[in-house]
Amino acid sequence: MKKWLWIVLIIFLLLNVPAIYSRFTTEWDNNTYEMIVPIDEIKELVDNDPTLKEDHVYDELRKAGLESVSVEPETLKSLEENGQLSIISKEAMAEKMLFDHIDVNGNREFKKNGIFVYVDPDSTYLSSIQKVFEDIKEVEVDDRTFYFIPGDSKKLDDIPLGFNEDVVQKLKSHDFKVVPRISNEIDENNKFVIDQVTSMKDDKSKSFLFLGDEVLGFPNGKAIANWSTKFKENGYSVLGIEFADQKGFASVAHTFDYNVIRLHSINLDDQSNVASVDRVVRAVKERNIRAIYMHLKTGEPKDVLKETTSFLTDVHEKMPGKFHAGIAEPFKHINTPFWSKAVAFIAGVLFATLAAFVVFNKRWAFVIGGLGLIGAIGALFTNSHLLAQVFALVIAVITPIFAIVPKKEIRSFKDIILSYLRAAIISLIGIFIVVSILNGNEYLVKIQVFRGVKLLYILPILFMVVYALWGNIKKLLVMNIRYWHVAVLIVLAGVAYYYLSRTGNEGSVSSIELKIRQLIEETLYVRPRTKEFLIGFPIYLLGLHIMRLNKKVGLFFLIPGVIGFLSLVNTFTHLHIPLYVSLLRSAYSLVLGFIVGVIFIGVFSFIYKYIRTVFKLRWK
200 MKKWLWIVLI IFLLLNVPAI YSRFTTEWDN NTYEMIVPID EIKELVDNDP
250 TLKEDHVYDE LRKAGLESVS VEPETLKSLE ENGQLSIISK EAMAEKMLFD
300 HIDVNGNREF KKNGIFVYVD PDSTYLSSIQ KVFEDIKEVE VDDRTFYFIP
350 GDSKKLDDIP LGFNEDVVQK LKSHDFKVVP RISNEIDENN KFVIDQVTSM
400 KDDKSKSFLF LGDEVLGFPN GKAIANWSTK FKENGYSVLG IEFADQKGFA
450 SVAHTFDYNV IRLHSINLDD QSNVASVDRV VRAVKERNIR AIYMHLKTGE
500 PKDVLKETTS FLTDVHEKMP GKFHAGIAEP FKHINTPFWS KAVAFIAGVL
550 FATLAAFVVF NKRWAFVIGG LGLIGAIGAL FTNSHLLAQV FALVIAVITP
600 IFAIVPKKEI RSFKDIILSY LRAAIISLIG IFIVVSILNG NEYLVKIQVF
650 RGVKLLYILP ILFMVVYALW GNIKKLLVMN IRYWHVAVLI VLAGVAYYYL
700 SRTGNEGSVS SIELKIRQLI EETLYVRPRT KEFLIGFPIY LLGLHIMRLN
750 KKVGLFFLIP GVIGFLSLVN TFTHLHIPLY VSLLRSAYSL VLGFIVGVIF
800 IGVFSFIYKY IRTVFKLRWK
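Below, the structure is given as structure tokens:
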């Protein structure tokens with residue numbers, strides 16, 4: 200029966216190859232990255248050094264490979280900073296009027312919250328201010344017209360008044376792509392700002408970026424959909440900021456059919472130019488980032504300009520030849536028809552059933568297979584991302600256990616090699632199923648993610664502990680606890696804490712390890728995982744070797760050995776990482792892990808023979 204299950208499983212895996220290939224080509228063909236700088240930081244260079252000419256700065260940045268400049272709508276705050284108007288608090292205005300012997304008490308504006316604004320009568324922004332703030336009131340003081348705007352002064356400062364169209368045209372004349380930034384401060388009074396955004400769209404300027412912690416329309420779901428539809432119909436793509444978690448962005452991405460360009464923001468002040476270049480290159484080649492938003496260094500304007508152009512040049516030179524600078528595009532649609540998803544789920548059920556045959560027995564195999572089938576049907580016909588993610592997590596947890604549980608006696612080095620190959624193949628089958636279930640643009644651009652990384656790192660290890668101790672658990676539960684037992688438990692708890700602290704995105708590493716990682720990465724294109732090729736795989740191979748001498752002792756080595764295979768699975772659960780990167784990284788880990796494992800076996804054999812010779816000890 201198991202033979203037929205394997206045959207059907209392999210057929211189903213082959214049926215899903217086109218869907219996986221669709222993802223592979225989608226990632227491989229999208230190889231243009233884009234560098235973006237905010238206009239305010241460029242203007243600051245010119246404003247702080249009169250000898251720097253604006254056109255010269257633009258030309259230098261463009262020559263160095265800067266493709267795009269982001270622009271934000273003007274606000275009362277930005278206009279004041281540019282010297283185009285003055286904002287006066289209610290208290291300051293009251294003092295001024297009292298100084299000029301003007302009665303304040305008779306003025307109703309002073310009984311409300313708000314601010315006073317003075318704008319030159321000839322300012323092009325006066326009409327926008329009057330249009331946006333419908334409750335605005337004129338107040339005459341010393342033959343000058345001030346405008347009182349009621350409301351919260353902090354919020355009033357940031358309400359969009361429109362884009363500076365002269366700046367936009369200037370940027371386009373220097374062949375820059377313009378990236379408009381849009382805040383969630385748009386209503387009926389200033390929706391003309393959106394009309395400005397749509398008018399900016401051309402063959403080059405065709406993506407936009409949200410400003411702040413919320414998308415336009417949040418928290419109103421209908422408003423989010425309406426605004427997003429307007430931009431989509433206008434031909435825009437949306438930029439999604441990595442790690443930003445802007446409220447409502449998932450709804451925007453859904454409306455855009457996940458035509459999202461992943462953006463990484465970097466502040467060049469945070470680290471050296473060399474470290475920043477490495478960070479940008481890694482983001483593009485390893486995380487499907489296609490837009491880099493640069494915040495310039497602070498300092499002398501000429502020095503900042505020089506360092507920025509140097510940084511841009513270094514990024515382009517160090518970027519792998521597969522990629523080129525230009526206008527970033529969204530990823531093409533990954534073709535995942537319903538039947539393909541159904542095949543992936545059924546393959547998952549068959550895989551779990553076969554795992555139960557090996558690890559447990561026939562009765563448990565049918566139980567697990569039945570439960571898996573119910574879960575698969577539920578996930579398929581509800582089209583629930585959460586159920587699909589739970590199903591994928593179960594397969595991911597099963598995979599390393601299925602891979603390393605020994606199927607037959609280890610009698611020779613050939614058996615060790617075959618067991619290692621078997622474990623690698625089973626791992627790749629489980630990975631293929633997980634990737635097939637969670638296949639689609641929503642996972643590629645990280646709107647949806649694999650859930651349960653911590654469980655994937657814990658459950659297989661716990662299972663292998665129980666598996667190794669099975670038959671002795673009752674004896675352990677009734678034994679007397681001694682001080683050294685407590686000491687061992689404390690040490691194990693510390694090791695477990697350190698292990699878990701290094702999992703996921705928050706894992707911490709030392710500066711020395713970072714340097715070693717960088718060297719390996721530069722040599723091999725991508726860095727194999729340390730916990731795989733230096734820990735998990737070698738210890739697994741050593742465990743197989745020790746099982747030739749003493750099976751019970753060898754089983755305990757499979758506990759840390761499972762780390763290599765669960766890490767292998769985890770590599771592919773980062774679905775925003777290109778498939779070819781994960782495949783290359785895993786190939787390095789498996790090959791290097793085997794080499795290190797053989798060295799481990801050689802060292803162990805030498806020590807073991809030496810101890811036997813000296814102390815005449817034998818395994819029992």
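When you line the sequence shown up against the working numbering, it's residues 200 to 819, in that order.
Yeah, the Cβ is synthetic: ideal placement off N, Cα and C, and Gly gets one too.
- ILE573 and PHE590 have their alpha carbons spaced roughly 11 Å apart.
- Here ARG222 is buried, its C-beta having at least 16 other C-beta atoms within 10 Å.
- Beyond the five residues adjoining it in sequence on each side, VAL557 comes within less than 7 Å, by CB distance, of PHE601, VAL604 and LYS606 in the same chain, given in chain order.
- LYS336 has PHE347 as its beta-bridge partners, per DSSP.
- For ARG478, the enclosing alpha helix (DSSP H) stretches over residues 472–485.
- In the structure shown, PRO379 falls within a strand segment according to DSSP collapsed to helix, strand and coil.
- For secondary structure counted as the alpha helix (DSSP H) over 4 or more consecutive residues, the region 705–745 holds these complete runs in sequence order: 710–723.
- Here the region 613–630 does not lie against the region 532–541, with fewer than 3 beta-carbon pairs under 8 Å apart.
- Residue state for GLY760 is assigned as helix, using DSSP reduced to three classes.
- Sequence-distant Cβ neighbours of LEU757 in its own chain, meaning closer than 6 Å and more than five residues away, are ILE603, MET663 and GLY742.
- The beta carbons of LEU355 and ILE314 sit closer together than 9 Å.
- In this structure HIS523 is not in contact with ASN229, their Cβ atoms being roughly 11 Å apart against a cut-off of 8 Å.
- Shown here, ILE287 sits in a strand according to DSSP, grouped into three states.
- By the Cβ-count criterion, GLU499 is exposed, with fewer than 16 other Cβ atoms from all chains shown falling within 10 Å of its own Cβ.
- Per DSSP, the beta-bridge partners of LYS446 are GLU413.
- Considered as a whole, the region 385–412 harbours 391–399 as its complete alpha helix (DSSP H) runs of no fewer than 4 residues, in chain order.
- Remark: fewer than three beta-carbon pairs, one from each stretch, lie closer than 8 Å, so the region 728–743 and the region 471–486 are not flagged as touching.
- In the three-state reduction of the DSSP assignment, MET234 falls in the strand class, which pools E and B.
- When the five nearest sequence neighbours on each side are left out, the beta carbons in the same chain lying within less than 8 Å of the beta carbon of GLU364 are those of GLN395, in order along the chain.
- Judged by DSSP secondary structure, TYR317 falls within the beta strand (DSSP E) whose first and last residues are 313–318.
- Between PHE530 and ASN640, the beta carbon gap of about 6 Å places them in contact (Cβ cut-off 8 Å).
- Looking from the CA of HIS584, the closest CA among PHE649, PHE407 and GLN717 belongs to PHE649.
- In the three-state reduction of the DSSP assignment, HIS523 falls in the strand class, which pools E and B.
- Distance between SER781 and LEU570, taken at the CA atoms: about 31 Å.
- PHE391 and THR454 have their C-alpha atoms spaced approximately 22 Å apart.
- A Cβ-Cβ separation of about 55 Å leaves LEU244 out of contact with VAL593 under the 8 Å criterion.
- Following the DSSP letters along the chain, one finds GLY571 inside the alpha helix (DSSP H) bounded by residues 561–581.
- Three or more Cβ pairs drawn from the region 507–515 and the region 259–278 lie within less than 8 Å of each other, which places the two stretches in contact.
- In summary, LEU767 is buried, with 16 or more beta-carbon neighbours lying within 10 Å of its beta-carbon over all protein chains present.
- When DSSP states are grouped into helix, strand and coil, SER611 belongs to the coil group.
- LEU620 counts as exposed, since fewer than 16 other C-beta atoms from the protein chains shown sit within 10 angstroms of its C-beta.
- The continuous alpha helix (DSSP H) containing MET663 extends over residues 652–668.
- Looking at the DSSP output, HIS494 bridges to ASN466.
- With respect to the 9 Å criterion, VAL270 and VAL338 are not classified as neighbours on the basis of their beta carbons.
- If you ignore the 5 residues before and after LEU495, its C-beta comes within less than 7 Å of the C-beta of VAL236, GLU240, LEU467, VAL503 and THR507, all in its own chain and listed in chain order.
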